[in-house]
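Everything on this sheet refers to the single structure shown next.
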Amino acid sequence: MPKITFIDPEGTRTEVEVRPRQDDLLEIAEEHGVKMGSACGGVCACSSCHVYVRQGLSSLPEMTDKEEDRLDMGFDVRPYSRLGCQCVVGEQDLVVEITHESLQVWFNEHPDQRR
Ligand code: FES
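So the sequence shown is numbered by my numbering: it starts at 14 and just counts up by one.
Here it is in structure tokens:
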């Protein structure tokens, strides 16, 4: 089973093992309490689930034109940027860094969690 390591901008690491080819990164994050924004609810209509895939990028499904268009709306987009809701996990381990913008959206969606 592939291991997913989420790292958020606050330095929190969350490691989970998942069944391959079942869920996307946003679904996995939500299931395990990882702070990943999801302003559109995971339908590729925003860029709030923007993540940096630091390891295992090539094991993810190819980016669609729609994802590319949405990602263009993101901040500090890099060659290893993806939208979490569009990345169904494959067979390989992944290291996924949550972006500042994604964490910010998560806090906007969960104002009670602000310090
Ligand atoms: Fe909106 Fe992923 S949650 S594009």
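Glycine included, every Cβ here is placed at the ideal spot set by N, Cα and C.
- Looking at the DSSP output, tyrosine 65 sits in a beta bridge with Ser94, Glu110.
- If you look at glutamate 75, you'll find it isn't in any alpha helix (DSSP H); DSSP assigns it neither H nor E.
- Inside the segment 20-49, DSSP marks whole beta strand (DSSP E) runs of 3 or more residues at positions 26-30, from first to last along the chain.
- DSSP places valine 56 outside both helix and strand once states are collapsed to three, so it counts as coil.
- In this structure, the beta-carbon distance from cysteine 62 to glycine 97 falls below 9 angstroms.
- Contact residues of the ligand FES (beta-carbon closer than 5 angstroms to any heavy atom; chain order) are Ser51, Cys53, Gly55, Cys57, Cys59, Cys62, Leu96, Cys98.
- Taking each of Gly50, Glu75, Ile20 in turn and checking the Cα distance to glycine 103, the smallest one comes out for Glu75.
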